[in-house]
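> Protein chains in written order, with our numbering: chain H, 158 to 317; chain C, 499 to 707.
Glycine residues also receive a C-beta, built at the ideal position from the N, C-alpha and C atoms.
Keep in mind that this is a model prediction, so the values were computed, not measured.
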């Protein structure tokens, strides 16, 4: 599976509007770094050079991982963001009411769109602020190089 | 139980009998609908039961002697019928992360090699600036001291109080655990990555293309 993942990701993230390009590139880079790390780890023998490549891949993964932060938002973060969302919707409705007679129909529609974008943006930011990458597996990776130095190539004692 | 210096080719063949089962560790029943206080008590009991089993398991290895530096040579009967002087050395063992947490009396979701704080697990750790290794001798003395200050110190390092057989092995315990790292990667990280990518594509509306 891991062999095809990067190809699939690149294929799906091709094109799109120019504003999304940097984001997509970061996602691809992150995927690539993690897979590279995995592939290096699967080597049957290691020396200083391959270990340094491995650590480099890990570093790159950690620089680019923030792009997936939104997907890490837990239940708490989501609930908090949704509360914020409902508050903003209330505010929007209040705004609508006060300006109901002054605004024309097209102006109303324009304002509506602006509000919607603003609200979804705010929700995303709230989620990202609450999300985190704290789980043991991601930390374990930082010990891999040391373990390989200590016990030899990982394939030797893999239970797959 | 298995021997360290086998090649992976032989070890992974079931017909070679390279891994011998010694005991089944007790697995506690999952209780979800009981109050928190009972749950904590139950967990405490579970830990103690596990420890007793472990103690019985490790007793023949005679831990009065240092199993790592190893002064004890044993006469062991080998497969060819001859006796040889062997020196068993406890080197490492394989388990999953929650099992290590149970065996070492750690809290869950912490690293069992180093004292990384729980909220920094996701950060990048430079290879030269790693957190200090877990010191089981220190945990043993703190746990024996049984004072409030010692308890606070222990919980700040995410360790449970209580007797633990593993802390009485006279070697660097934090050097022993050897989890199945490739397995962790395959079912853990790559799975996470897939989920993230799916979510990422959904938010950017690229999935239905």
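1) Do residue 617(C) and residue 291(H) have their CB atoms nearer than 8 Å?
2) In the DSSP assignment, find the unbroken beta strand (DSSP E) run with residue 595(C) in it and report its ends.
3) When the cut-off is 8 Å and only beta carbons count, does residue 169(H) lie next to chain C?
4) So, does the CB of residue 282(H) fall closer than 8 Å to a CB anywhere in chain C?
5) Helix, strand or coil for residue 612(C), going by three-state DSSP, please let me know.
6) Note down, in chain order, every chain C residue with its Cβ under 8 Å from the Cβ of residue 188(H).
7) Mapping DSSP to helix, strand and coil, what is residue 584(C)?
8) State yes or no: is the beta carbon of residue 290(H) nearer than 8 Å to at least one beta carbon in chain C?
9) For residue 521(C) versus residue 551(C), is the C-beta distance shorter than 8 Å?
10) Output yes if chain H places a C-beta closer than 8 Å to the C-beta of residue 565(C); else output no.
11) Quick one: which residues of the stretch 245-269 of chain H get their C-beta closer than 8 Å to a C-beta of chain A? List them in chain order.
12) With a floor of 4 residues, list each alpha helix (DSSP H) that falls wholly inside the stretch 212-290 of chain H, ordered by position along the chain.
13) Do you know how far the Cα of residue 582(C) is from the Cα of residue 567(C)?
14) Counting only the same chain and skipping the five closest in sequence on each side, list residues whose C-beta sits under 6 Å from that of residue 210(H).
15) Which residue comes first and which comes last in the alpha helix (DSSP H) that contains residue 641(C)?
16) Does the ligand SAH have a heavy atom nearer than 7 Å to the CB of residue 171(H)?
17) Report the neighbours of residue 294(H) on chain C: residues whose CB is nearer than 7 Å to its CB, in chain order.
18) Could one say the Cβ of residue 568(C) lies closer than 8 Å to chain H's Cβ atoms, at least one of them?
19) Alpha carbons only, please: which of 300(H), 272(H), 263(H), 281(H) is nearest the one belonging to residue 613(C)?
20) Counting only Cβ pairs nearer than 9 Å, list the residues of chain C close to residue 195(H).
21) With residue 178(H) as the anchor, note down where its alpha helix (DSSP H) starts and where it stops.
22) Which residue comes first and which comes last in the alpha helix (DSSP H) that contains residue 520(C)?
23) Against residue 619(C), what residues of chain H qualify as contacts under a CB-to-CB distance less than 7 Å, listed in chain order?
24) So which of 541(C), 505(C), 624(C) has the shortest CA-CA distance to residue 527(C)?
In short:
1) As a first step, residue 617(C) must be located in the second chain, where it is residue number 119. As a first step, residue 291(H) must be located in the first chain, where it is residue number 134. Yes, the Cβ-Cβ distance between residue 617(C) and residue 291(H) is below 8 Å.
2) Within the second chain, the letter at position 97 stands for residue 595(C). No beta strand (DSSP E) contains residue 595(C), which is instead part of the alpha helix (DSSP H) from 595-602.
3) The residue labelled residue 169(H) in the question sits at position 12 within the first chain. Output row for residue 169(H): interface = yes.
4) The residue given as residue 282(H) occupies position 125 in the first chain. It does not; no Cβ of chain C falls within 8 Å.
5) Your numbering for residue 612(C) matches position 114 in the second chain. Here residue 612(C) sits in strand by DSSP.
6) Taking the first residue of the first chain as position 1, residue 188(H) is located at position 31. By Cβ distance, chain C contributes 691, 695.
7) Taking the second chain and counting its residues from 1, the one referred to as residue 584(C) is at position 86. The answer is strand: DSSP assigns residue 584(C) an E or B state.
8) Residue numbering aside, residue 290(H) sits at position 133 when the first chain is read from its first letter. Closer than 8 Å: yes.
9) Locating residue 521(C) in the second chain gives position 23, counting from the first residue. Locating residue 551(C) in the second chain gives position 53, counting from the first residue. For residue 521(C) and residue 551(C), yes; Cβs fall inside 8 Å.
10) Looking up residue 565(C) in the second chain gives position 67. Low confidence applies to residue 565(C): its pLDDT is 47, below 50, so where it sits in the model is not reliable, and the reading given next is rough at best. No, residue 565(C) lies away from the interface with chain H (no Cβ there is under 8 Å from its Cβ).
11) The structure shown has no chain A; the protein chains it does contain are H and C.
12) 232-255, 262-287
13) If you number the second chain from 1, residue 567(C) lands on position 69. If you number the second chain from 1, residue 582(C) lands on position 84. At residue 567(C), the pLDDT of 45 sits below 50, so the modelled position is not reliable; the number obtained from the coordinates is stated separately. Answer to the nearest angstrom: the Cα atoms are 19 Å apart.
14) Translated into the one-based positions of the first chain, residue 210(H) becomes position 53. If we look at residue 210(H) and ignore the five residues flanking it on each side, its Cβ neighbours are 197.
15) Numbered from its first residue, the second chain carries residue 641(C) at position 143. 634-643 is the span of the alpha helix (DSSP H), which, as asked, contains residue 641(C).
16) In terms of ligand content, the structure shown is empty, and the ligand SAH therefore cannot be addressed.
17) Position 137 of the first chain holds residue 294(H). Result: 682, 686, 687.
18) Numbered from 1 along the second chain, position 70 holds the residue referred to as residue 568(C). Here residue 568(C) scores only 47 on pLDDT, less than 50, and its place in the model is too uncertain to base an answer on.
19) Mapped onto the second chain, residue 613(C) falls at position 115. Nearest option by C-alpha distance: 300(H).
20) Residue numbering aside, residue 195(H) sits at position 38 when the first chain is read from its first letter. The contacting residues are 680, 683, 684, 687, 688.
21) Residue mapping note: residue 178(H) aligns to position 21 of the first chain, counting from 1. Where residue 178(H) is concerned, the enclosing alpha helix (DSSP H) stretches over 178-198.
22) As a working note, residue 520(C) is residue 22 in the second chain. First-last for residue 520(C): undefined, no H or E at that position.
23) Within the second chain, residue 619(C) is the residue found at index 121, counting from 1. Neighbours of residue 619(C) on chain H, chain order: 291, 292, 293, 295, 296.
24) Your numbering for residue 527(C) matches position 29 in the second chain. Of 541(C), 505(C), 624(C), the residue nearest in Cα terms is 541(C).
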